[in-house]
Amino acid sequence: MLAAVCNVWLVTPMKFLITAGPTREPIDPVRYLSNRSSGKMGYALARAALDAGHEVVLVSGPVCLAAPEGAAIVRVTTSDEMFDAVHARVGEAEVCVLCAAVADFRPAVVEPRKIKKGDAESRRIELVPTRDILLSLRDLPPPKNGRKPVVVGFAAETDDVMENAHRKLRAKGCALLVVNDVSRADIGFETDENELTLLFASGEIRPLAFSKKDTLAAELIKIICTIS
Ligand code: C5P
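Heads up: the sequence shown is residues 0 to 227, going by numbering that gives the first Met the number 0.
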């Protein structure tokens, strides 16, 4: 929450739960399905929230980034672990920002031994959907002594970007959906810059111009606090 007193912005410290990075869905003991998420946007959000005086629990998939100083970091690997880590902590959170690029599918069976190349001419891997963490927060009962957290989702799209994003905002029931166009090489996955479009549940659409992820993160944290 932000309040202006004599032109000085006062920040009420809030409890943020932020997810970041990819997940890895094992195929066998040495192989996995994953994606190109570097975790940079989620870690930038965690740093920005801390810099603004908030408390941060950061649930992170496997990334090559140093933990932001001051964050309580929970390291996970699979989407199931991320789901459980979020649900174990959501009761404490006032704001949930689900920035992680969670795998949408995982292998139905994890082979206990390394799959050998000579075992078959070709091989099919059956995939099943992972549990959708963002969607699961939509239907959480309100906590006994408090309000449900404000939930912010991210959408990484390559085509029909805004159409898909509008559908996702409605389906997942979040207060704000932050949209990334990941078909562009200069923004999104692995880069230090991004360009975002914010879709609010109220119907408002607000672009955030091309900038460093750190700059966008600081702006985003301020905006999120105005809807909290
Ligand atoms: O449906 P899609 O994966 O594009 O939605 C992206 C948003 O949903 C992100 O906020 C991501 O963190 C979240 N998500 C999730 N659990 C999944 C898949 C996506 O929380 N299994």
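The beta-carbon is built from N, C-alpha and C at its ideal position, and this holds for glycine as well.
Same chain, Cβ closer than 8 Å to residue i, neighbours up to 5 away in sequence not counted
i    : result
P140 : none
P67  : Y42, A45, R46, L49, V55 and L57
M81  : T18, T22, V58, G60, V75, A99, V101 and I132
R130 : S78, D79 and F82
I226 : V149, A174, L175 and F199
G52  : V10 and P12
A84  : V58, V73 and V75
R122 : I114
Option in the options with minimal Cα separation from residue i
i    : options                  : result
I222 : E24, T18, A48 and K39    : A48
G152 : N179, E91 and E192       : N179
K143 : L133, E91, R30 and A45   : E91
G202 : T11, L168, G117 and R183 : L168
V29  : A84, F15, A70 and K113   : K113
N193 : D158, S182 and F209      : F209
The ligand C5P heavy atom lying under 7 Å from the CB of residue i
i    : result
G152 : yes
D131 : yes
S182 : no
K167 : yes
T18  : yes
S253 : For the chain, the structure presents residues 0 to 227; residue 253 sits outside this window and is missing.
D103 : yes
A92  : no
L197 : no
A99  : yes
Per DSSP, the bridge partner or partners of residue i
i    : result
S210 : N193
Y31  : P25
K116 : None, per the DSSP bridge assignment.
R88  : Answer by DSSP bridge pairing: none, since R88 is not bridged.
Pairwise C-alpha distance: residue j and residue i
i    : j    : result
M13  : P61  : 26 Å
L172 : V73  : For the sequence presented, residue 172 should be read as Gly rather than Leu. Distance between the alpha carbons of G172 and V73: 25 Å.
V89  : L32  : 27 Å
N163 : L197 : 13 Å
D185 : L195 : 13 Å
D138 : P25  : 28 Å
A70  : A170 : 30 Å
C63  : D191 : 14 Å
K116 : E125 : 18 Å
C95  : L16  : 5 Å
Closer than 8 Å to chain C by CB, residue i
i    : result
T196 : You won't find chain C in this structure, because it holds only one protein chain.
Beta-carbon contacts of residue i that lie in its chain and below 6 Å, excluding the five residues immediately before and after
i    : result
D213 : A43
K39  : K212
R105 : E24 and T129
Residues near residue i in its chain [Cβ-Cβ closer than 7 Å; skip 5 each side]
i    : result
R205 : L197
R35  : F188 and E189
H165 : L198
E218 : L207
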